[in-house]
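Number of protein chains: 2
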Amino acid sequence: MDKPLILVTNDDGIVAPGIRALVEVARSLGDVVVVAPDSPQSGKGHAITIHEPLRLKKVAVFQGIDAWECSGTPVDCVKLAKHVVLKDRRIDLCVSGINHGSNASINILYSGTLSAAMEASLEGIRSIGFSLLDFSFDADFEPAKPWIKKIMEHCLNHPFKIGDLLNVNIPKLPLSEIKGLKICRQANAHWVEEFVEGRDPNGQPYYWLSGKFVNEDTGEDSDMWALENGYISIVPSMHDLTDYPAIEPLRLMENA
Amino acid sequence: MDKPLILVTNDDGIVAPGIRALVEVARSLGDVVVVAPDSPQSGKGHAITIHEPLRLKKVAVFQGIDAWECSGTPVDCVKLAKHVVLKDRRIDLCVSGINHGSNASINILYSGTLSAAMEASLEGIRSIGFSLLDFSFDADFEPAKPWIKKIMEHCLNHPFKIGDLLNVNIPKLPLSEIKGLKICRQANAHWVEEFVEGRDPNGQPYYWLSGKFVNEDTGEDSDMWALENGYISIVPSMHDLTDYPAIEPLRLMENA
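Chains A and B are the protein sequences, given in the same order.
For reference, each letter of the first sequence is one residue, going 1 to 256 in the numbering used here.
For reference, each letter of the second sequence is one residue, going 1 to 256 in the numbering used here.
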């Protein structure tokens, strides 16, 4: 049987240690092609590049792996991978990450890593976004690797629905302290923003986004609970944002 | 009773005709404050600005209305509005748009207009994104105005759930041909991309995103059906992306 074709991307950029760790796992399971941003793209959400051309350049970043760096957003990378780089090939799985930092709860909306995975799912490609709860550049991805391999293997062997998307977050723990996998719902947490105000060298005011993430959702079925209790969280996610239970009560408006 | 405080934003930029039309409607219903991007931000999705400072400048764009232009994305605008510009005031409603072009179906994911509205809903502010199915700068917003007023009035008088978000799309039709409002679900449509390949003046290759929107979802309860049949579509939307029905079948993976 042919080896599965696995597309790898991320949002921290093609030289981030996190994507290197993900490529190492992916190459043990299939043929790997990388299309990733040429610069950090954290917080880019589902942004696409409409008003500018995109650049795509083959680079020798990973030994023995075909890799392209792209000037655009993570979502642009997936579009270019599917429609230019891998135009005539079927992509069996798209994996995005490993992100340096959490993408649990509502962070799926802001995350370039997860938006890339979401875009792949919109294109009909099964897709997984991986994130480690460690923002540092020197994060230790070793404990995550065997678990990521297990999840990817499972997904390749038990195909989930076409277009399905998994949001996987991994606690910052030594391998021996990771308790296992939990299938979860997205916790209803939120950011409490603060803007740091300052003056630039020209005396002009600026505002710099800051803030802290606050979780008051204590549900044991949530991703935040799993992560706080030593589990890897897996949230099946989707692109249908319709709030179905809200439809009927709103019908009143049709007669307004 | 105090007039409601209405925050107006968009993604086409503070000088776009669409936001001018929305401000005109909003000022007939409450106190209006505008915080909008200083440049076009279409397709920016839920992007936020992390690695750069933001600029915020009071501008006299709308007569008698306090307005600020912001150097960031639509989501940045909403964060700055809530935490800096309107720090000590309760925002009763956020309206975003009127977008020049459709944000029906999955376009909610790519749209800066809807992401701004989504961000307001994450901040606990009731929120509506408005889009007219006409991409042109000279789009005629007049037929949309009485309907937008009706929707905003209804939402101010029948408060929907805190954090609720409505995605409103308006067909490009004369007022007499708009049949009414329909509460809908998001159609399961998708983009078929094509990249236009070219060479820049330096001989370097580039790729420019293009494509067409394809809808094979014929459900009469979908937003695409409503729009194709002369109705204004209203989709209640949410930020919980969990695919709940997928949770149980995936539990198999917990024992992998």
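Built from N, CA and C at the ideal position, the CB exists for glycine as well.
These figures come from a predicted structure and were not determined experimentally.
Can you give me the Cβ contacts of B/K58 inside the same chain, cut-off strictly under 6 Å, excluding the 5 residues immediately before and after it? By the criterion of a C-beta distance shorter than 6 Å, B/K58 is surrounded in its chain by W68, once the five residues flanking it on both sides are discounted.
CB A/N215 to CB A/A246, shorter than 8 Å? No, they are not a contact pair.
Please decide whether A/A257 counts as near chain B, where near means a Cβ-Cβ distance under 8 Å. In this structure chain A extends from 1 to 256, so residue 257 of chain A is not present and cannot be described.
A/P236: which of A/S127, A/E220, A/P146 sits nearest, CA to CA? Among A/S127, A/E220, A/P146, the Cα nearest to that of A/P236 is on A/S127.
What did DSSP end up calling B/I106 once you bin it into helix, strand or coil? The answer is coil: DSSP assigns B/I106 none of H, G, I, E or B.
Closer than 9 Å at the beta carbon, the chain A residues around B/F213: B/F213 does not reach chain A, its nearest Cβ partner there being about 12 Å away, counting only Cβ pairs nearer than 9 Å.
Is B/S42 close to chain D? Criterion is C-beta to C-beta, closer than 8 Å. The structure shown contains no chain D; its protein chains are A and B.
Where does B/R89 land, buried or exposed, given buried means 16+ other C-beta within 10 angstroms? With fewer than 16 Cβ atoms within 10 Å of its Cβ, B/R89 is classed as exposed.
Note down the Cα distance separating A/H239 from B/F213, rounded to an integer number of angstroms. Going from the Cα of A/H239 to the Cα of B/F213 covers about 16 Å.
Would you mind working out which of A/A21, A/L7, A/G13 sits nearest A/E142, comparing C-alpha positions? Ranking the options by Cα distance to A/E142, first place goes to A/A21.
Based on the DSSP secondary-structure assignment, which residues constitute the bridge partners of A/V209? For clarity, residue 209 of chain A is Leu in the given sequence; the question names Val instead. Bridge pairing for A/L209: A/F195 [DSSP].
Please report the straight-line C-alpha distance between B/L86 and A/E123, rounded to a whole angstrom. One C-alpha to the other measures close to 40 Å.
Any idea what DSSP makes of B/D223, helix, strand or coil? The answer is helix: DSSP assigns B/D223 an H, G or I state.
Proximal residues of chain A, C-beta to C-beta of B/M284 below 7 Å: Lying outside 1 to 256, the shown extent of chain B, residue 284 of chain B is not represented and no answer is given.
Please list the residues of the segment 53-64 of chain A that have a C-beta atom closer than 7 Å to any C-beta atom in chain B, keeping them in chain order. For the segment 53-64 of chain A, the beta-carbon criterion of a distance under 7 Å to any beta-carbon of chain B is satisfied by P53, L54, R55, L56.
What runs of the beta strand (DSSP E), each 3 residues or longer, lie entirely inside the segment 227-251 of chain A? Counting only runs of 3+ residues, the beta strand (DSSP E) found wholly inside the segment 227-251 of chain A occupies 231-237, in chain order.
Backbone secondary structure at A/D38 - three-state DSSP: Of the three classes helix, strand and coil, the one that applies to A/D38 here is coil, per DSSP.
Starting from A/N258, trace the alpha helix (DSSP H) both ways and give me its first and last residue. Within the shown structure, residues of chain A are numbered from 1 to 256, placing residue 258 of chain A beyond reach of any answer.
Along chain A, which residues have their Cβ under 7 Å away from the Cβ of B/V235? For B/V235, the C-beta contacts it makes with chain A under 7 Å involve T242, in order along the chain.
Mapping DSSP to helix, strand and coil, what is A/E177? In the three-state reduction of the DSSP assignment, A/E177 falls in the helix class, which pools H, G and I.
Helix, strand or coil for A/D11, going by three-state DSSP, please let me know. In the displayed model, A/D11 falls within coil according to three-state DSSP, outside both helix and strand.
Chain A within 8 Å of B/L109, Cβ atoms only: A Cβ of chain A is located within less than 8 Å of the beta carbon of B/L109.
Contact check, A/I48 vs A/V23 under 8 Å by CB: the rounded distance? That pair is no contact at about 24 Å.
Just to check my reading of the structure: A/H46 and A/M118 have Cβ atoms closer than 8 Å, yes? What is that Cβ distance to the nearest angstrom? About 7 Å separates the two Cβ atoms, so the contact holds.
The beta strand (DSSP E) that contains B/V168, what's its start and end? Counting along the chain, B/V168 sits inside the beta strand (DSSP E) bounded by residues 165-170.
Give me the chain A residues within the contact set of B/I149, using Cβ-Cβ distance strictly less than 9 Å, ordered along the chain. The sequence given here has Lys at residue 149 of chain B, not Ile. The contacting residues do not exist; B/K149 stays about 11 Å from chain A at best.
By Cβ distance, which residues of its chain are closer than 6 Å to A/A226, with the 5 residues on each side in sequence left out? K182, C184, S233.
Mapping DSSP to helix, strand and coil, what is A/C70? DSSP places A/C70 in strand when its eight states are reduced to three.
Is it buried or exposed for B/Q41, if we count other Cβ within 10 angstroms and need 16 for buried? So B/Q41 ends up on the buried side.
For a cutoff of 8 Å on Cβ pairs, would you count A/L156 as touching chain B? So, not an interface residue.
Could you say if the segment 173-180 of chain A and the segment 135-150 of chain A meet the contact criterion of at least three C-beta pairs nearer than 8 Å? The segment 173-180 of chain A, when compared against the segment 135-150 of chain A, does touch it at the 8 Å Cβ threshold.
Quick check: A/S121 and A/L165, are their CB atoms within less than 8 Å of each other? Yes.
Taking Cβ positions only, does B/G203 come closer than 8 Å to chain A? Proximity of B/G203 to chain A, defined by a Cβ-Cβ separation below 8 Å, is not satisfied.
My guess is that A/S102 and A/N169 are in contact by the Cβ rule of under 8 Å, so how many angstroms apart are they, rounded? Right, the Cβ-Cβ distance comes to about 6 Å (below 8 Å), so this counts as a contact.
Below-8 Å beta-carbon distance, B/M253 vs any chain A residue: At least one beta carbon of chain A lies nearer than 8 Å to the beta carbon of B/M253.
Quick one: what does DSSP say A/L114 is sitting in, helix, strand or coil? Reduced to three states, the DSSP call for A/L114 is helix.
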